[in-house]
Amino acid sequence: MKKILSVILVLVMALSMLALVACEKKPAETDAPEVETPDVKSEGVMTYAEYAAAELDTAVVVETYVQATQSWWDNQIVAYTQDKDGAYFAYNMACSEEDAAKLVPGTKIKITGYKGEYNGEVEILDATFEFVNDGKTYIAEPVDATAWLGTDELIKHQNELAIFKGMTVKAIEFKNGEPGDDIYVTLSKDGADYSFCVERYLTGPETEVYAAVSALQAGDVVDVTGFIYWYIDVNTHITAVTAAK
Numbered sequence: 001m002k003k004i005l006s007v008i009l010v011l012v013m014a015l016s017m018l019a020l021v022a023c024e025k026k027p028a029e030t031d032a033p034e035v036e037t038p039d040v041k042s043e044g045v046m047t048y049a050e051y052a053a054a055e056l057d058t059a060v061v062v063e064t065y066v067q068a069t070q071s072w073w074d075n076q077i078v079a080y081t082q083d084k085d086g087a088y089f090a091y092n093m094a095c096s097e098e099d100a101a102k103l104v105p106g107t108k109i110k111i112t113g114y115k116g117e118y119n120g121e122v123e124i125l126d127a128t129f130e131f132v133n134d135g136k137t138y139i140a141e142p143v144d145a146t147a148w149l150g151t152d153e154l155i156k157h158q159n160e161l162a163i164f165k166g167m168t169v170k171a172i173e174f175k176n177g178e179p180g181d182d183i184y185v186t187l188s189k190d191g192a193d194y195s196f197c198v199e200r201y202l203t204g205p206e207t208e209v210y211a212a213v214s215a216l217q218a219g220d221v222v223d224v225t226g227f228i229y230w231y232i233d234v235n236t237h238i239t240a241v242t243a244a245k
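Numbering-wise (this note's numbering), the sequence shown opens with residue 1 and increments by one.
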């Protein structure tokens with residue numbers, strides 16, 4: 001009898017150890033990092049790669065997320081939009097004043113129009129849009145584009161939200177010679193000059209960024225955030241400026 005009890009005790013202890021090991025393994029399995037699921041495009045909607053490869057003057061349909069808009073006017077609006085793969089600039093998109101108020105950052109929309117280009121800026125023209133009510137939102141984090149300045153890589157990220165670090169202020173010029181309109185900003189990095197702009201219809205005289213840029217002095221070193229717009233060459237539309245860290 002004692003031998004039988006001893007065998008049973010050993011078996012119970014062995015089973016307990018196996019259960020303990022199994023329990024210890026579970027947290028490792030559940031702690032695995034979550035893999036972000038990419039957006040699934042609706043039928044007939046282009047991926048960003050397909051949009052980028054499309055010829056100019058051809059019809060395009062994209063699903064994307066509003067990041068910012070310029071002022072609404074005459075049933076049209078200019079929208080800076082982006083998804084996880086790239087950015088799309090919709091120029092003078094048909095829009096009611098009521099819908100314009102709903103185009104807040106993160107809002108998902110479907111844009112239909114034609115791919116166009118003006119002085120190097122690739123945009124969607126004759127655009128219309130509809131809201132995509134699937135519960136998804138997206139706010140882009142600015143990509144560090146400092147190292148792309150002066151390289152062919154920069155234009156590949158056209159219209160994306162980006163940050164340029166350690167830029168030295170060279171000149172500030174107000175359109176029409178006084179505050180109230182666009183501000184043309186020349187910034188330098190590693191001996192080369194680059195054009196930036198405060199677009200009044202995006203960040204007008206009443207905004208903090210307009211005031212901050214207006215106060216800059218030649219020689220200030222700053223970090224600048226904005227959308228990588230193009231006008232003959234890079235002409236980033238500024239959305240934030242801070243002293244360089």
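In this text, a Cβ means the ideal position worked out from N, Cα and C, and glycines have one as well.
D74 and I238 have their alpha carbons spaced roughly 25 Å apart. Under the DSSP assignment, D99 falls in the alpha helix (DSSP H) whose first and last residues are E97 to A100. The residues K170, A171, D193 and S195, in chain order, have a CB closer than 7 Å to that of T186 in the same chain once the five nearest residues on each side in sequence are set aside. Here W148 is not bridged, per DSSP, to any residue. Boundaries for V213: no beta strand (DSSP E) harbours it, while the alpha helix (DSSP H) harbouring it runs E208 to S214, taken from the DSSP string. One thing to note: T64 has its Cβ no nearer than 7 Å to the Cβ of Y80.
It is roughly 20 Å from the alpha-carbon of Q76 to the alpha-carbon of D181. Taking a cut-off of 8 Å on C-beta distances, the region 94-110 touches the region 129-137, as three or more cross pairs fall below it. With a cut-off of 8 Å on Cβ pairs, the region 219-237 is in contact with the region 154-163, counting three or more such pairs. For E50, the enclosing alpha helix (DSSP H) begins and ends at Y48 to A53.
If you draw a straight line from the Cα of V132 to the Cα of T203, it is about 26 Å long. A distance below 7 Å separates the beta carbons of V60 and Y51. Within the same chain, V78, Y201 and L202 come within 6 Å of Q70 by CB-CB distance, once the 5 residues on both sides are set aside.
Secondary structure note for S188: its beta strand (DSSP E) is the uninterrupted segment I183 to K189.
In the displayed model, N176 falls within a helix according to three-state DSSP. Apart from sequence neighbours up to five positions away, the residues of its chain that approach D126 with a beta-carbon distance below 8 Å are G113 and Y114, ordered along the chain.
In this structure, DSSP gives L202 a state outside helix and strand, which the three-state scheme calls coil. Here I155 carries a helix assignment [DSSP, helix/strand/coil]. A Cβ-Cβ distance of about 6 Å is found for the pair V62 and V45, placing them in contact under the 8 Å criterion. One Cα belongs to Y184, the other to G120, and the distance between them is close to 18 Å.
D220 and K84 have their alpha carbons spaced roughly 33 Å apart. When only Cα atoms are considered, I124 and Y91 end up about 6 Å apart.
In the three-state scheme derived from DSSP, where H, G and I count as helix and E and B as strand, Y88 is classed as strand. Counted as a single uninterrupted DSSP element, the beta strand (DSSP E) harbouring Q67 occupies residues A59 to T69.
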